[in-house]
Amino acid sequence: MTAGSIIVLVGATGTGKTAASLTLAKEFQGAIINLDSRQIYRDLPIITAQPTQQEQSVCPHFLYGHMDLESKVTAGIFVEEARQTVDTVFQMGRLPILVGGTGMYLRALLHGLAPIPQIGSEAKARVVTLWEEAQKLDYVSPGRILHERLQDIDPVFAGRIHFNDKQRLSRAFEVFFETGKPLSEWHKQTAPDGPRLNALILGIDTDLVELKPRLARRIDLMLEAGALDEMRRALQKAGRRDAPAFTGIGCPELLSYLDGSIDLDEAKRLWLKNTRAYAKRQLTWFRIQEHIDWFPKNHVENIRLLARNWLVSTQHKGLFHPQQPRI
RNA sequence: GCCGAGGUAGCUCAGUCGGUAGAGCAGGGGACUGAAAAUCCCCGUGUCGGCAGUUCAAUUCUGUCCCUCGGCA
Numbered sequence: 185m186t187a188g189s190i191i192v193l194v195g196a197t198g199t200g201k202t203a204a205s206l207t208l209a210k211e212f213q214g215a216i217i218n219l220d221s222r223q224i225y226r227d228l229p230i231i232t233a234q235p236t237q238q239e240q241s242v243c244p245h246f247l248y249g250h251m252d253l254e255s256k257v258t259a260g261i262f263v264e265e266a267r268q269t270v271d272t273v274f275q276m277g278r279l280p281i282l283v284g285g286t287g288m289y290l291r292a293l294l295h296g297l298a299p300i301p302q303i304g305s306e307a308k309a310r311v312v313t314l315w316e317e318a319q320k321l322d323y324v325s326p327g328r329i330l331h332e333r334l335q336d337i338d339p340v341f342a343g344r345i346h347f348n349d350k351q352r353l354s355r356a357f358e359v360f361f362e363t364g365k366p367l368s369e370w371h372k373q374t375a376p377d378g379p380r381l382n383a384l385i386l387g388i389d390t391d392l393v394e395l396k397p398r399l400a401r402r403i404d405l406m407l408e409a410g411a412l413d414e415m416r417r418a419l420q421k422a423g424r425r426d427a428p429a430f431t432g433i434g435c436p437e438l439l440s441y442l443d444g445s446i447d448l449d450e451a452k453r454l455w456l457k458n459t460r461a462y463a464k465r466q467l468t469w470f471r472i473q474e475h476i477d478w479f480p481k482n483h484v485e486n487i488r489l490l491a492r493n494w495l496v497s498t499q500h501k502g503l504f505h506p507q508q509p510r511i
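In structure tokens form, the structure reads like this:
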């Protein structure tokens, strides 16, 4: 990837990122690149709130709906795809505009990931066995056993996570089994593995109390747009409820409704609750992680002005890709 | 009007053999290095319906009033 300048638009779910991004794309000859871990799934455009066909016709869009339900995407895969796509957009003579709410992917793209190799099936199997053994010793919280063992091989990382955090415990052991090196050691080697992108990060801020009714309305709109049919078809296609794509908020709730274990009102209630909690997590993340210029929602005009000024000065500093459009 | 059961956290309730109280749900805050729309952690003061009585001490016992829900009129 060659160096160049990009614009990133982040914020909690349901704050109007899509609309703002289209404005920027039109003004600056942009192309929009998905920065959202769920909007990649082809069969769930409504539930994951992907831009509509009409919205996508405004300018080129990338990395939306290009994966099937069984595909597992990771931060690593995303970074690779995003870098290639950014390059493609440069070649097109357009401004890359990344839009989405997956904070971890953005950080991985801009600041790199630890160069940890792929975990092989053998290491994964060993971790599964480890959990089974631990379960025999402590049925209620086997994580305690593993966490104690992790203290021996990687006290630094163990000190950072809770014994109930199964996902991170597993990851720590997988990496250790695969590489013989503690995860915290790998983390020290984190660096962007290519030319650094020069990024303006714009955030659309929101008040959670005010956001809630908007999210409720969005759920109603999704149902009107056919979210239930979409879920039914996706379930039939995947043939199982635990396909990777179905971790997206709304899927478990609708699946429970479809199998009759809860009614639609309850499904909607849970869907809203989980969406709101997710929005909270996103705000918590973005508040700390990146240098972000925040704007209240509906201030698209101010976003546009800041973006223009930034692009002009960036251009003067010579930070544009050779093929990027001049301002 | 009579009989019965209740009135404790936003909701559903537990509990205090008298020493001013705690669960679930809801809600709030935080962490985050390859599953991240994931995974995980932390947070509970409320006239214990009102008033009076007994008592060193009442949300707890007694009386009375109010309210709710059943049943009978």
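In this text, residue positions in the first sequence follow the numbering used here: the first is 185, and each later residue adds one. The beta-carbon is built from N, C-alpha and C at its ideal position, and this holds for glycine as well.
Just to confirm my understanding: we take residue i, look at its own chain, exclude 5 residues before and 5 after, and list those with CB closer than 7 Å. What are they?
i, result
"VAL257", "SER221, ILE224, MET251"
"GLY200", "ILE388, LYS481"
"LEU412", "LEU438"
"HIS371", "ALA298"
"GLN319", "PRO326"
"GLY285", "VAL194, GLY195, ALA196, THR197, ASP220, GLN466"
"GLY410", "ILE230"
"GLY296", "THR374, ALA375, PRO376, ASP377"
"GLU211", "ARG488"
"LEU314", "LEU330, PHE357"
Note the first and the last residue of the continuous alpha helix (DSSP H) segment covering residue i.
i, result
"PHE470", "448 to 473"
"SER368", "367 to 371"
"LEU353", "350 to 363"
"VAL484", "484 to 500"
"SER255", "Premise fails: SER255 is in no alpha helix (DSSP H) and is neither H nor E."
"PHE504", "Where PHE504 is concerned, there is no enclosing alpha helix (DSSP H), given that its DSSP letter is neither H nor E."
"PRO339", "339 to 344"
"LEU208", "201 to 211"
"GLN234", "Looking at the DSSP string, GLN234 is not in any alpha helix (DSSP H), and its letter there is neither H nor E."
Please confirm whether any heavy atom of the ligand SAH lies closer than 8 Å to the CB of residue i.
i, result
"LEU386", "Absent from the structure shown: the ligand SAH. Ligands present: none."
What span of residues does the beta strand (DSSP E) with residue i cover, start to end?
i, result
"GLY214", "214 to 218"
"PHE148", "The requested residue 148 does not occur in the structure, where the chain is confined to residues 185 to 511."
"SER440", "That residue, SER440, is in no beta strand (DSSP E); its alpha helix (DSSP H) goes 435 to 442."
"SER189", "189 to 195"
Count the other C-beta atoms from every protein chain shown that fall within 10 angstroms of the C-beta of residue i, then say buried if there are 16 or more, exposed otherwise.
i, result
"ARG278", "buried"
"GLU414", "buried"
"VAL496", "exposed"
"ASP426", "exposed"
"ASN218", "buried"
"GLU358", "buried"
"SER445", "exposed"
"THR390", "buried"
"PRO397", "exposed"
"ILE472", "exposed"
"ALA491", "buried"
"GLN466", "buried"
"LEU330", "buried"
"GLN508", "buried"
"VAL324", "exposed"
I'd like to know whether the C-beta atoms of residue i and residue j end up nearer to each other than 9 Å.
i, j, result
"VAL340", "SER368", "yes"
"PRO229", "ILE216", "no"
"ILE194", "GLY260", "In the sequence as displayed, the identity of residue 194 is Val instead of Ile. No."
"ASP227", "ARG424", "no"
"ILE281", "ILE191", "yes"
"PHE504", "SER305", "no"
"PRO301", "THR232", "no"
"LEU448", "LEU419", "no"
"PHE361", "VAL311", "yes"
"GLU474", "ARG291", "yes"
"THR272", "ALA463", "no"
"ARG460", "LEU399", "yes"
"PRO366", "ALA375", "no"
"TRP494", "LEU384", "yes"
Less than 8 Å between C-beta atoms, sequence neighbours within five positions excluded: which residues of the same chain meet that for residue i?
i, result
"GLN373", "ALA298, PRO299"
"TRP455", "ILE403, ILE433, GLY434, GLU437, LEU438"
"ALA203", "VAL484"
"GLU265", "LEU247"
"GLU254", "ALA422, ALA427, PRO428, ALA429"
"PRO244", "ALA215, ILE216, VAL273, MET276, ARG278"
"MET406", "ILE230, ILE231, ALA233, GLY434"
Under 6 Å Cβ to Cβ from residue i, same chain only, skipping five residues before and after it: list those, please.
i, result
"VAL242", "LEU206"
"LEU386", "LEU193, ASP477, ILE487"
"GLN335", "ALA342"
"VAL270", "PRO280"
"ARG328", "ASP322, PHE347"
**Message:** Which complete alpha helix (DSSP H) runs does the segment 375 to 426 hold, if anything under 4 residues is left out?
**Reply:** 392 to 408, 411 to 422
**Request:** Could you pull out every unbroken beta strand (DSSP E) segment of at least 3 residues lying fully inside the segment 264 to 307, listed in chain order?
**Result:** 279 to 283
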